[in-house]
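Chains as they are written, first to last, in our numbering: chain V, 84 to 440; chain B, 28 to 110.
Glycine included, each C-beta is placed from N, C-alpha and C at the ideal position.
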Amino acid sequence: MITFPMLPGVEINLCLLILIGLGAGVLSGFTGVGGAFVITPALIVLGFPASFAVGTSLAWVLGNSLVGTFRHGRLGNVDVKLGLLLLVAAIGGVEVGVRILNRVRAIGLADTAVLSISIFMLLIMGIYTLSESLMRKRKLDEMLARKEKLPLDMRATFLSRRFQGINLPPRLRFAGSRVTMSLWIILAIGFFVGLLSGVIGVGGGIIMVPSLVYLVGLSSFMAVGTSLFQIIFSAAYGSVRHTASGNVIIFAAFIMVLASSIGVLFGASVTRYVRGVSVRIILGISALFFAVGAILKLSSLLLEGAVAGLETGSLAVTFGGLGLTLMMIIALFITALRYQRGQQIPAWAESLVTKAD
Amino acid sequence: MGKKRKTVIYLAALSIVCGLTIWHAVRWHLNGMDLEMFGWLQTGRGYITVLYNLGLMLVLGTALGFLMEMVTELIGYGAGKRQ
């Protein structure tokens, strides 16, 4: 157990702090999400006051995404130009989102409104990502049955082809991700993601990655790396914007970053052994778990605590989701290693993994 | 100088940077120095404190990122660019 001078009387379990950092790091490195949506409630459960939990988790996101970006950069998964453009637009969106949130808060609807929007967005995104990736997996299985060579990842989707086709100058070429698109479309997508992040209050990775895949037309790997890259800056901006009262326990954030640096490195490295469809399946599942957790929390708020256990259920679903996705990532890694060594793997898993190049 | 030796030197330097940053943060945190540090400021204390904490995290994250890359490189698990 450790104590912090800023939190008199609060004792925190060091092992749990390390485990949470490690787990959130793996998920972040593999799916490109910041991870604050797991860390913030986890810190509150461990005993941190809410304001300290938000500040500390944002500081953790900064360190964690830095370490993850290094590995994804080495893998060639980061498009710096695209990331910076999205970031500029996203910051504008966050500002507008925060102002909308303040207006909603002024009329006393903040918690229920924010949770309702989060649930709606996460359900749409989770269901779409999961159903698209499962359909894609079925197609890959059919190709495998015909003994055709499988692509590492799909490229353009129907929506991204439409967006890429809009001829609104200036059109920019993003060499890293091999995409040509109008600057205004990129800025609009970044603004939209930032707006949602500002209203919902999450880092944006869980919305940014599917947007980059389905709207811009990036490969899943490129979307993960570029999302983590822009999260470095958006987390730093969010820290200054939301925690100007100095509620960061940097000591706790350091402990978690040390643990998560191993996790994020592992998660990012596993992307080398899987096809893009695996990344999207895990991302879809995480979003759905997060949505179910938020539904339970909203129910608890609306019923004003009349039904016991809803709040606990919300936390259990969030952490259960984290545990399950972690197990899936580890299972994918083990399956990929077996596949690479030429050992037998289940037929349904063959379309999920690849031999690292 | 061989590549391996160079990597080891970088590794040692980065470990020192990480160690010093952690030592500084832990020590100042435990003796309460981090609370008093910007006490002399009349305005903007909150922002400066957040920026100081972010600076510490930036240094640790960058050093740790490089360090982890070098460690994995050294033990033969470095990442190559995806084709």
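Among the options, nearest to residue i - alpha-carbon criterion
i, options, result
"valine 347 of chain V", "V/Ile85, V/Ala107, V/Gln313", "V/Ala107"
"glycine 88 of chain B", "V/Gln423, V/Thr418, V/Ser303, V/Ser343", "V/Ser343"
"asparagine 185 of chain V", "V/Ser260, V/Leu266, V/Glu231, V/Gly281", "V/Gly281"
"arginine 154 of chain V", "V/Val292, V/Gly191, V/Phe312", "V/Phe312"
"leucine 83 of chain B", "B/Arg32, B/Gly46, B/Thr70, B/Gly29", "B/Gly46"
"isoleucine 413 of chain V", "V/Gln427, V/Ile272, V/Leu102, V/Val109", "V/Val109"
"isoleucine 249 of chain V", "V/Asp236, V/Phe257, V/Thr263", "V/Thr263"
"leucine 100 of chain V", "V/Ala125, V/Met89, V/Gly117", "V/Ala125"
"proline 252 of chain V", "V/Thr123, V/Leu270, V/Ala239, V/Ser148", "V/Leu270"
"threonine 123 of chain V", "V/Tyr297, V/Val331, V/Leu298", "V/Val331"
"threonine 195 of chain V", "V/Ile127, V/Phe87, V/Ile268, V/Glu387", "V/Glu387"
"tyrosine 356 of chain V", "V/Glu231, V/Leu235, V/Arg324", "V/Leu235"
"isoleucine 268 of chain V", "V/Gly392, V/Glu231, V/Val299", "V/Val299"
"isoleucine 283 of chain V", "V/Asp162, V/Met204, V/Leu169, V/Gln247", "V/Met204"
"valine 171 of chain V", "V/Gly425, V/Ile272, V/Ala391, V/Phe402", "V/Ile272"
"arginine 261 of chain V", "V/Ile207, V/Val161, V/Phe241", "V/Val161"
"leucine 239 of chain V", "V/Glu231, V/Ala306, V/Ser199", "In the sequence as presented, leucine is not what sits at residue 239 of chain V; that position holds alanine. Of the listed residues, the one whose Cα sits closest to alanine 239 of chain V is V/Ala306."
Contact check, residue i vs residue j, beta carbons under 9 Å
i, j, result
"arginine 358 of chain V", "leucine 233 of chain V", "yes"
"alanine 389 of chain V", "glycine 209 of chain V", "no"
"isoleucine 95 of chain V", "phenylalanine 131 of chain V", "yes"
"methionine 411 of chain V", "isoleucine 345 of chain V", "no"
"glycine 321 of chain V", "leucine 105 of chain V", "no"
"isoleucine 290 of chain V", "leucine 301 of chain V", "no"
"leucine 91 of chain B", "valine 340 of chain V", "yes"
"glycine 159 of chain V", "glycine 92 of chain V", "no"
"tyrosine 79 of chain B", "methionine 97 of chain B", "no"
"serine 265 of chain V", "arginine 254 of chain V", "yes"
"valine 400 of chain V", "arginine 219 of chain V", "no"
"glycine 59 of chain B", "proline 88 of chain V", "yes"
Separation of residue j from residue i, as counted between CA atoms
i, j, result
"leucine 398 of chain V", "leucine 97 of chain V", "20 Å"
"alanine 351 of chain V", "serine 111 of chain V", "8 Å"
"phenylalanine 337 of chain V", "leucine 85 of chain B", "11 Å"
"valine 197 of chain V", "arginine 188 of chain V", "10 Å"
"glycine 288 of chain V", "alanine 173 of chain V", "11 Å"
"glycine 66 of chain B", "arginine 54 of chain B", "18 Å"
"phenylalanine 93 of chain B", "threonine 418 of chain V", "29 Å"
"tyrosine 211 of chain V", "isoleucine 202 of chain V", "14 Å"
"lysine 33 of chain B", "glutamate 100 of chain B", "12 Å"
"threonine 76 of chain B", "arginine 245 of chain V", "46 Å"
"threonine 408 of chain V", "leucine 68 of chain B", "46 Å"
"leucine 38 of chain B", "lysine 30 of chain B", "12 Å"
"leucine 385 of chain V", "leucine 129 of chain V", "25 Å"
"threonine 86 of chain V", "leucine 57 of chain B", "9 Å"
"glycine 396 of chain V", "phenylalanine 402 of chain V", "10 Å"
"isoleucine 36 of chain B", "arginine 72 of chain B", "39 Å"
"tryptophan 50 of chain B", "glutamine 247 of chain V", "50 Å"
"leucine 206 of chain V", "leucine 393 of chain V", "19 Å"
"tyrosine 297 of chain V", "valine 44 of chain B", "41 Å"
Supposed contact pair residue j and residue i - C-beta distance, whole angstroms, cut 8 Å
i, j, result
"glycine 176 of chain V", "valine 276 of chain V", "7 Å"
"phenylalanine 416 of chain V", "valine 353 of chain V", "5 Å"
"serine 216 of chain V", "arginine 363 of chain V", "4 Å"
"phenylalanine 113 of chain V", "isoleucine 365 of chain V", "6 Å"
"isoleucine 333 of chain V", "alanine 52 of chain B", "5 Å"
"serine 310 of chain V", "leucine 295 of chain V", "7 Å"
"valine 292 of chain V", "glycine 115 of chain V", "5 Å"
"glycine 118 of chain V", "asparagine 147 of chain V", "6 Å"
"leucine 81 of chain B", "alanine 319 of chain V", "6 Å"
"phenylalanine 257 of chain V", "lysine 164 of chain V", "6 Å"
"glycine 308 of chain V", "glycine 406 of chain V", "Actually they are not in contact, since the Cβ atoms of glycine 308 of chain V and glycine 406 of chain V sit about 25 Å apart, beyond 8 Å."
"lysine 438 of chain V", "glutamine 423 of chain V", "5 Å"
"tyrosine 74 of chain B", "valine 323 of chain V", "7 Å"
Does the contact criterion of 3 or more C-beta pairs under 8 Å hold for the region 364-383 of chain V versus the region 164-184 of chain V? Because the criterion of three Cβ pairs below 8 Å is not met, the region 364-383 of chain V and the region 164-184 of chain V do not touch.
Contact between the region 136-144 of chain V and the region 368-376 of chain V is defined here as three or more beta-carbon pairs at a separation below 8 Å; is this criterion met? In this structure the region 136-144 of chain V does not touch the region 368-376 of chain V; the number of beta carbon pairs closer than 8 Å is below three.
Are the region 425-435 of chain V and the region 210-226 of chain V in contact at 8 Å, needing three or more beta carbon pairs? With a cut-off of 8 Å, the region 210-226 of chain V and the region 425-435 of chain V count as touching, because enough Cβ pairs lie within range.
For the region 273-305 of chain V, enumerate the residues whose C-beta is nearer than 8 Å to any C-beta of chain C, in chain order. Among the protein chains of the structure shown, namely V and B, there is no chain C.
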